[in-house]
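Notes follow the structure.
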Amino acid sequence: MAVASKQLPAKESALFRSIVKCYEIKQYKKGLKAADAILKKHPEHGETLAMKGLTLNCMGRKEEAYDFVKSGLRHDLRSHVCWHVFGLLYRSDRNYNEAIKCYRNAIRIDPENLQILRDLYLLQVQMRDLKGFAETRRTMLTLKPNNRNNWIGFAIAHHLVGNYQMAIDIIEKYFSTLEGERVSNYEDSEIYLYQNQLIEESGDAEKALAHLEENKSQITDTLAWRQKKGQFLLQLERYDEAHEVFEELLEINFDNEEFQRGVQCAILKRKDLFVAKSGPKKAPLPSETIDFTKEKNGAEIEKALVDFYAEKKTTIGATSLISLRFPLDFTRGVEFKTYADVYLKRQLNKNVPSLGSDLKPLYADKDKVKTLEELILRYLKTLEAKKPLDMGDNSMAANDTEQVLLWTNYLAAQHFDRLGNHTKAIEYIEKCIKQEPTLLDFFQRKARILKHMGDLNKAADVMVEGRKLDLADRYINNKATEYLLHADRVEEADATIALFTRHEGDPQQNLYDMQCMWYEIECGKSQLRQKKYGLALKRFFAVEKHFNDFVEDQFDFHTYCIRKMTLRAYIQMLRLCDEIYGRPFFVEAAHGAIASYVALAEKEAEKVEEEAKIAAANANMSAAEKKKAKRALAKARKAEFKRKEEEELNAKLHKEVEDKEREATKNGKAKANPGPTRPKDDDPFGEKLAAKPALEEA
1 MAVASKQLPA KESALFRSIV KCYEIKQYKK GLKAADAILK KHPEHGETLA
51 MKGLTLNCMG RKEEAYDFVK SGLRHDLRSH VCWHVFGLLY RSDRNYNEAI
101 KCYRNAIRID PENLQILRDL YLLQVQMRDL KGFAETRRTM LTLKPNNRNN
151 WIGFAIAHHL VGNYQMAIDI IEKYFSTLEG ERVSNYEDSE IYLYQNQLIE
201 ESGDAEKALA HLEENKSQIT DTLAWRQKKG QFLLQLERYD EAHEVFEELL
251 EINFDNEEFQ RGVQCAILKR KDLFVAKSGP KKAPLPSETI DFTKEKNGAE
301 IEKALVDFYA EKKTTIGATS LISLRFPLDF TRGVEFKTYA DVYLKRQLNK
351 NVPSLGSDLK PLYADKDKVK TLEELILRYL KTLEAKKPLD MGDNSMAAND
401 TEQVLLWTNY LAAQHFDRLG NHTKAIEYIE KCIKQEPTLL DFFQRKARIL
451 KHMGDLNKAA DVMVEGRKLD LADRYINNKA TEYLLHADRV EEADATIALF
501 TRHEGDPQQN LYDMQCMWYE IECGKSQLRQ KKYGLALKRF FAVEKHFNDF
551 VEDQFDFHTY CIRKMTLRAY IQMLRLCDEI YGRPFFVEAA HGAIASYVAL
601 AEKEAEKVEE EAKIAAANAN MSAAEKKKAK RALAKARKAE FKRKEEEELN
651 AKLHKEVEDK EREATKNGKA KANPGPTRPK DDDPFGEKLA AKPALEEA
């Protein structure tokens with residue numbers, strides 16, 4: 001940070017510089033001692049008071065820190081150091097808007113201070129003050145034009161504002177400042193690809209393609225180069241060339257869905273179906289969504305796709321199942337049955353457990369479902385007669401019929417479960433368990449069928465039984481926890497998931513540290529169903545805190561990504577953070593919190609209404625009726641007292657765990673580096689959250 005020592009003698013000036021150095025190397029006690037030495041002689045020196053406050057803040061003494069910094073400002077309002085320190089204090093408390101105001105005041109006093117400018121732009125991009133960010137970056141470039149990061153940062157600022165042409169020109173200008181012949185390297189390659197992204201987002205696909213071709217020798221990421229080329233050729237409707245590019249990419253990785261998407265769009269001559277991967281969920285491939293019966297030249301296009309995969313089945317796709325699986329999406333009738341027969345027999349003979357999940361998209365078509373059922377029942381009949389499934393082309397030897405029958409029964413269970421015929425599904429899965437009683441998949445499937453039948457307690461019992469078959473399997477442990485929560489058996493669920501947390505400390509705190517959101521949401525829903533609104537709110541607000549941390553975590557990447565030139569990934573991260581609160585986990589937690597507050601509001605309204613009714617009724621009650629009402633009220637109070645007693649017992653257990661941790665640390669039994677001290681939870685049962693005005697919070 002900036003060093004200043006206004007109106008201090010030489011000795012004290014040296015001491016002041018040592019305070020700054022001690023702060024930077026985290027020797028806070030030494031820095032505090034130096035500050036006290038200066039203040040002993042110059043008690044009203046504003047910058048020293050401010051630095052003492054900053055040092056105290058790093059030592060966890062926040063109230064004193066603010067007092068000293070404010071005192072420093074009062075004594076030296078025209079010091080950029082005091083304003084900078086005040087901004088750093090606000091930044092440490094995540095009060096970024098106030099920190100920006102302080103930095104702006106510091107810049108007015110010292111407009112060429114690069115350290116303050118750097119701190120300012122970090123907060124501006126964090127808070128998405130994009131115009132301010134662009135202006136700060138322009139100032140930094142003006143002050144230090146020989147720094148590459150300043151050029152790139154200025155381009156990114158204009159990109160975020162939406163001024164694509166300006167960003168393109170800035171990068172072009174940067175390259176024009178470089179002297180001598182350039183050798184291709186990763187960092188320059190990323191800048192060229194980023195510039196290409198800018199041209200693409202400006203809407204000029206032809207110019208973007210020309211830019212790729214022009215700078216091919218400078219781009220080291222040849223895979224990204226080819227993908228982008230194929231994408232631009234599709235956008236320009238040069239389908240034959242695009243087909244060639246994506247076919248080359250398929251030779252590298254035939255299983256890559258983005259390459260498959262590109263080649264399918266080229267065959268179909270439909271650029272509108274090409275969606276570059278951006279969101280958390282993958283977009284379905286054209287072959288999964290398109291209805292050829294409604295397409296112009298549908299039969300011709302369908303044949304082209306069928307021929308393509310038939311050809312690849314014997315060449316580059318020979319070792320991939322995609323050439324067998326994809327035709328199931330777009331073929332129909334007899335042709336579909338032929339392809340399905342080959343694919344199902346192959347997978348069943350190989351005992352593939354995920355076959356049922358793989359076929360799930362086909363269940364949107366009733367005719368295909370009917371064909372699948374016909375094939376499955378035919379296989380069962382053949383296998384029960386101790387005959388192997390005929391593979392036709394003899395491409396692989398028939399597996400043991402008993403094993404194939406086992407997995408065909410498993411597929412039948414999934415099939416009938418998906419159709420809602422749970423009785424038949426249970427019948428088939430019981431056959432699987434009887435034949436192979438130690439396989440986890442069968443217990444998991446049985447539990448899922450029972451869940452679909454609405455028997456949540458039995459489903460949880462079956463999943464727990466499956467978990468006991470392999471106590472080292474985290475996945476099945478998590479599934480057992482989830483099913484226990486569905487059945488509102490929260491204590492059992494807590495004990496189950498605790499098996500895979502750290503042994504020391506509170507398991508619930510460990511789960512919170514791991515940001516285990518699926519568990520917090522399921523637990524919150526369970527507490528909500530049990531009308532434990534405070535505990536439910538605590539779970540849902542924990543999820544909100546995780547998302548706030550995700551947004552906060554981007555802070556470190558504002559400098560890192562520009563330094564490492566991972567520019568495309570950086571822009572992607574910023575856009576992710578801009579829409580992160582629309583992610584399913586957050587939406588689910590928000591809905592849960594709203595439902596909790598609405599339920600609390602209704603409960604309060606019912607209470608008021610009930611009291612009014614009791615008051616009205618009491619006026620006309622006989623002595624015996626009043627006595628009866630009094631007993632009912634006492635019973636309700638007793639139930640409330642019992643609930644609070646249970647909560648106090650849980651709090652006591654949590655305290656015992658914390659006391660044991662402290663005792664272990666004191667006796668030297670704890671680990672050498674136990675990590676940061678956890679803040680004390682002053683609302684373990686969410687009572688403070690539940691006490692807030694319900695409708696306002698909702």
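Under full-length UniProt numbering, the sequence shown has 69 at position 69, and the numbering climbs by one with no breaks. Here a beta-carbon is modelled for each residue, glycine too, at the ideal position from N, C-alpha and C. Please read all numbers here as calculations on a predicted model, not as lab measurements.
A Cβ-Cβ distance of about 4 Å is found for the pair F254 and S320, placing them in contact under the 8 Å criterion.
In the three-state scheme derived from DSSP, where H, G and I count as helix and E and B as strand, M514 is classed as coil. At a cut-off of 4 residues, the continuous stretches assigned as alpha helix (DSSP H) that sit fully inside the stretch 202-242 are 205-214 and 222-235. The Cβ neighbour count for Q195, taken over all protein chains shown within 10 Å, is at least 16; the residue is labelled buried. Between G72 and A50, the CB-CB gap stays under 8 Å. Within 10 angstroms of the beta-carbon of D76 lie 16 or more other beta-carbons, which makes it buried. In the structure shown, the three-state DSSP call for H42 is coil.
Of all alpha-carbon atoms in K131, L305, G524 and I252, the one lying nearest the alpha-carbon of K269 is that of L305. When C-beta atoms of the stretch 549-559 are compared with those of the stretch 524-537, fewer than three pairs fall below 8 Å, so the two segments do not count as touching. Comparing alpha-carbon positions, the option among L485, R78, Q444 and D455 lying closest to E465 turns out to be Q444. Under the criterion of beta carbons closer than 8 Å, L362 and K368 qualify as touching, at roughly 5 Å. For E187, the closest C-alpha among the options H158, N149 and E12 is that of N149. The beta carbon of E172 sits closer than 8 Å to the beta carbons of Q195 from its chain, once the five residues preceding and following it are set aside; these are given in chain order. Distance check between L114 and each of M140, Q124 and V125 places M140 closest, using alpha-carbon atoms only. Assigned with DSSP and collapsed to three states, V275 falls in coil, not helix or strand. Taking the CA atoms as reference points, D390 sits about 55 Å from D204. I100 is positioned such that its CB atom lies no closer than 8 Å to that of I107.
Closest in C-alpha terms to I594, from the list R539, I25 and E63, comes R539. DSSP places R332 in the coil class of the three-state scheme, outside both helix and strand. In terms of Cβ geometry, R332 and D358 do not form a close pair [threshold 8 Å]. Per DSSP, A487 lies in no alpha helix (DSSP H) segment and is marked neither H nor E. Its chain contains P507, N510 and L511 as the residues whose beta carbon lies nearer than 7 Å to that of T501, once the 5 sequence neighbours on both sides are disregarded; these appear in chain order.
The stretch 473-484 makes contact with the stretch 446-464: 3 or more CB pairs, one atom from each, lie closer than 8 Å. DSSP, reduced to helix, strand and coil, places F585 within a helical segment of the structure shown.
The DSSP-derived three-state label of T501 is coil.
Here DSSP, grouped into helix, strand and coil, assigns R182 to coil. The residue among I322, R74, G60 and G53 with its C-alpha nearest the C-alpha of Y66 is G53. With a beta-carbon spacing of about 16 Å, A498 and Y483 fall beyond the 8 Å limit used to define contacts.
The continuous stretches of alpha helix (DSSP H) do not include G420, and DSSP gives it neither H nor E. Nearest Cα to H243 within the set C265, L535 and F555: C265. Just so you know, the alpha carbons of Y343 and V352 end up roughly 11 Å apart. Around the Cβ of I25, a 10 Å sphere holds fewer than 16 other Cβ atoms; the residue is exposed. Inter-residue distance for H503 and L469 is about 22 Å (C-alpha atoms, whole angstroms). Cβ neighbours of A536 within its own chain (closer than 6 Å, five residues either side excluded): G524, Q527, L528 and S596.
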